[in-house]
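Residue numbers (my numbering): 841 to 1294.
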C-alpha cells in the first residue's frame, strides 16, 4: 500500500447525521417500501432528501415519528373503541399460531369488518419486532454497551443463534498475521464460525486502523456462498470497541457504510462516551445493565444444582452483593469458594480474593507510611497486579473505595476528586499505570500533610 493511499484511507469524510423525519411516502418502484423525508443535521431544508427505511439506522427517530403521527390522527369513535376492547378482552377458544399463546398478544393493530357481526383483528405479538429483525435481511449494525459482567457477550451469542441457528456455537480459534506498511508483522487472534468472526483490534494499539481498513474490508468483500444460510451476510463482532483509536473508528464508519450488503457489525464496549458520534448514529444502541441481586442469586443456585453441590441462599446473596452484581465475578467467586470450602453450609462469609487483599495492604502503606520508599514498594505491587491481568481502572476504583473506609472524613472528598480526575485521564491516555501511580502519589501527599497537621 502506498503512502498516498494509506493517508487517503484514514481521512475522515464528511458526516451526515439525521436530525429529524419530516414526512413519509410509499415507493411503488421498490416493492411498495416506505421512504422518509430526511432533515440532515447542520443543513438547511433545501438539502432534505428521500431515503429508504432500510438505509436509515436511526430507528429511535422512526419510532418517535410514528408516535407523533398517531398522536395527530383522529381518535376512534366510542363504538369502534368498544369493539377493539371487546376483542382484546375476549376469551379466544381457537388455537393460536404455532409457538404462540393468546397471552403473547401485545396489542390490536387494526379491526376489519366482514358483515354486521364478524370482525377480523390484526394483532401485534409481543416478540414480533425482535423476531422479525433477526429473520430479516434489514438487520442493523448493533452496539452493545454496559458495565463489565452485565451479560453483553451472552446477549450477542443469543442474537447470533437467533439469526443463524445453533451452528454459530461451533467455534474455532486461529491466529492471523498481516504486515504493516513499515514491514512489521502483526499477529492477532480471531474466534470464528461459518457465519461470524470475533476480533479485538484494540490489542494492536495504533495498528488497529490497519485491521479495520484491510482485514475487515477483505472479509466484507467476500460473499456468503452457503446456500443453506438464513442470511447472505456475515457478522463481525468487535470487542472493546471503545478502546479503538479515533482513526480506527473513522475507518470503521466508512466500512459500515460501504459494505452493508455483505456484513453486519456488532460492537461491544463498556463506555459509550469513547465511541465517536458517526459510529453511534449508524448502530442500534443496546444498553445492557447489570442484573439484579435476585437474578445473580438465581444463576448461582442454578450452577450449584448443575454441579451437584449445596449452596445456601444467604451465601449466594453475599457473593452477589460482594461482586456488585457482576455476573462474571460472582461465578468466579463461587468457584473459588467451592474449591476452598468443600462444605459450603459452614461458610458464613466469602473469602476476599488475593488481589483484593493486596489492595488492602497497599492502602495501609499509603496511609501509615507516605514516603518515597513506600511509593517504590507500592509500584512493584501495582505491577504485580497488572501482570495478573487486573485492569488499572479496576485497581484505581478499588483503591478509592477501600481508602474511604480507612481515612478521616475530612480527606474523603479530596480523595474522591483525585480518583475521578485520574480515572478520566486514564481513559484518555494509553499508559494507564502512570496515571495510577500519580493517583497513589497524590493521595500519599494528602495523607502526609494530614499527619503533619495533627
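We treat Cβ as the ideally placed atom computed from N, Cα and C, and that holds for glycine.
- Per the coordinates, the alpha-carbon of residue 1035 lies some 33 angstroms from the alpha-carbon of residue 1022.
- The alpha carbon of residue 888 has as its nearest neighbour, out of 1271, 900 and 875, the alpha carbon of 875.
- The C-beta distance from residue 1054 to residue 1028 rounds to 12 angstroms, too long to meet the 8 angstroms contact threshold.
- Contact between the stretch 1209-1218 and the stretch 1154-1172 is absent, with fewer than three C-beta pairs closer than 8 angstroms.
- Here the stretch 1275-1287 makes contact with the stretch 1249-1266; the two share three or more CB pairs at distances below 8 angstroms.
- A residue is called buried when at least 16 other Cβ atoms come within 10 angstroms of its Cβ; residue 881 does not meet this threshold and is exposed.
- Under the 10 Å beta carbon count, residue 1131 is surrounded by 16 or more other beta carbons and is classified as buried.
- Per DSSP, reduced to three states, the secondary structure at residue 1209 is coil, with no helix or strand assignment.
- In this structure, the beta-carbon distance from residue 1125 to residue 1076 does not fall below 9 angstroms.
- Taking 4 residues as the shortest admissible run, the stretch 1062-1138 contains the following complete alpha helix (DSSP H) segments, listed from N- to C-terminal end: 1086-1098 and 1117-1121.
- Cβ neighbours of residue 1158 within its own chain (closer than 7 angstroms, five residues either side excluded): 1189 and 1190.
- Beta-bridge pairing by DSSP links residue 860 to 879.
- Residue pairing for residue 1037: DSSP places it in a beta bridge opposite 1032 and 1076.
- For residue 896, the secondary structure class from DSSP, reduced to helix, strand or coil, is coil.
- For residue 1271, the closest C-alpha among the options 1288, 1233 and 1241 is that of 1233.
- Here residue 1165 carries a coil assignment [DSSP, helix/strand/coil].
- In terms of Cβ geometry, residue 980 and residue 1123 form a close pair [threshold 9 angstroms].
- Excluding sequence positions up to five before and after residue 1196, its CB lies within less than 8 angstroms of the CB of 1238, all in the same chain and listed in chain order.
- Bounds of the beta strand (DSSP E) holding residue 981 are 981-985.
- Setting aside the 5 residues that flank it on each side, residue 1127 is surrounded in the same chain by 985 and 986, each with a C-beta closer than 7 angstroms to its C-beta; the list follows chain order.
- A Cβ-Cβ contact shorter than 9 angstroms links residue 1088 with residue 1049.
- Residue environment for residue 863: exposed (fewer than 16 other C-beta atoms within 10 angstroms of its C-beta).
- Judged by DSSP secondary structure, residue 1018 falls within the beta strand (DSSP E) whose first and last residues are 1012-1019.
- Residue 890 has 877 as its beta-bridge partners, per DSSP.
- The continuous alpha helix (DSSP H) containing residue 1266 extends over residues 1249-1268.
- Residue pairing by DSSP places residue 1027 opposite 1017 in a beta bridge.
- Here the C-alpha atom of residue 1079 lies approximately 23 angstroms from the C-alpha atom of residue 1225.
- Each of 1288, 1105 and 1182 was checked against the Cα of residue 982, and the nearest Cα belongs to 1105.
- Annotation for residue 1287: 1207 and 1210 place their beta carbon closer than 6 angstroms to its own, counting only its chain and skipping 5 residues before and after.
- Beta-bridge pairing by DSSP links residue 866 to 874.
- For the options 1044, 877 and 891, the alpha carbon positioned closest to that of residue 1085 is the one of 1044.
- By the criterion of a C-beta distance shorter than 6 angstroms, residue 861 is surrounded in its chain by 876, 901 and 905, once the five residues flanking it on both sides are discounted.
- Contact check for residue 1117 and residue 1095: beta-carbon distance about 17 angstroms, past the 8 angstroms limit, so the pair fails to qualify.
- In the DSSP assignment, residue 1184 falls outside any alpha helix (DSSP H) and carries neither an H nor an E.
- By the neighbour-count definition (other C-beta atoms within 10 Å, threshold 16), residue 1179 is an exposed residue.
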